[in-house]
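Chemist: Sharing a structure with you now.
In full-length UniProt numbering, the protein residues as written are 1 to 218.
This is how it looks when you write it as structure tokens:
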């Protein structure tokens, strides 16, 4: 499964993520919460990706940003109705996230200092060398212009509980909603750990800074 995170949202919050449905072997991301604060109950952790290869209400990516150790951190988080272990559905609910680090969102051309991709829980793989092949537009002639602000990510499930990695492949776009754009009821629901049981919400008030600390690449 492929994702694409757009760094332009550091300035104007016009940001997206992507999925290539032809390569989905797990679940696609689902909305985790609605404006009234009602949360998604998830799906039973069995029968592969039945009922979750497509999201009936559309896929969603959540964002939260802020300064951390004098670097601007943008976290993108995806909620999955099932968790997987070694490509097999194993539990109800899962969250995955990436953190993209840039020098300053106020600059005309912000520089990406690194990217951190979640492995399991609050553990992250870290990369500070942003090769051109990981940016939207590079590759096999898919697009005419290469972005220097938009990275691509993929979801690998062949090891352990799955991890996000940088990708060279293309996917489809989905909507982003930033933390500040959520209703108060939605934020309260995401902050209530009982709603997601053992699936830790990385953008919640309780866990956001802990995840940034674990994801710090510099």
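Just so you know, even glycine gets a beta-carbon here, dropped at the ideal spot from N, CA and C.
Using 8 Å as the threshold, is the region 119-135 in touch with the region 56-66, meaning 3 or more CB pairs across them?
Modeler: no
Chemist: Tell me the DSSP bridge mates of residue 135?
Modeler: Taking the chain shown and counting its residues from 1, one reaches residue 135 at position 135. For residue 135, which the question treats as bridged, DSSP gives the partners 151.
Chemist: When DSSP builds the beta bridges, which residues end up paired with residue 72?
Modeler: For the purposes of this step, residue 72 is taken as the residue at position 72 of the chain shown. For residue 72, which the question treats as bridged, DSSP gives the partners 67, 102.
Chemist: Is residue 117 buried or exposed, if buried means 16 or more other CB atoms sit within 10 Å of its CB?
Modeler: In the chain shown, the residue the question calls residue 117 occupies position 117. Buried, because 16 or more other Cβ atoms sit within 10 Å of the Cβ of residue 117.
Chemist: What does DSSP give as the partner residue(s) for residue 33 in the beta ladder?
Modeler: Position 33 of the chain shown holds residue 33. DSSP, once it has assigned bridges, lists 39 as partnering residue 33.
Chemist: Within a Cβ cutoff of 6 Å, which residues of the same chain sit near residue 99, ignoring the five residues on either side of it in sequence?
Modeler: Residue numbering aside, residue 99 sits at position 99 when the chain shown is read from its first letter. Hits under 6 Å: 73, 75, 116, 215.
Chemist: Within 10 angstroms of the Cβ of residue 208, are there 16 or more other Cβ atoms? Answer buried if so, exposed if not.
Modeler: Counting from one through the chain shown, the residue named residue 208 turns up at place 208. Its Cβ being crowded by 16 or more others within 10 Å, residue 208 is buried.
Chemist: Apart from the five residues just before and just after residue 119, which ones in its own chain have a Cβ nearer than 7 Å to its Cβ?
Modeler: Position 119 of the chain shown, counted from the start, is the residue given in the question as residue 119. Excluding residues within five positions, the ones whose Cβ falls inside 7 Å are 125, 163.
Chemist: From residue 141 to residue 40, what distance separates their C-alpha atoms?
Modeler: As a working note, residue 141 is residue 141 in the chain shown. As a working note, residue 40 is residue 40 in the chain shown. Here residue 141 scores only 48 on pLDDT, less than 50, and its place in the model should not be relied on; the value that follows carries that caveat. The straight-line gap from Cα to Cα measures roughly 38 Å.
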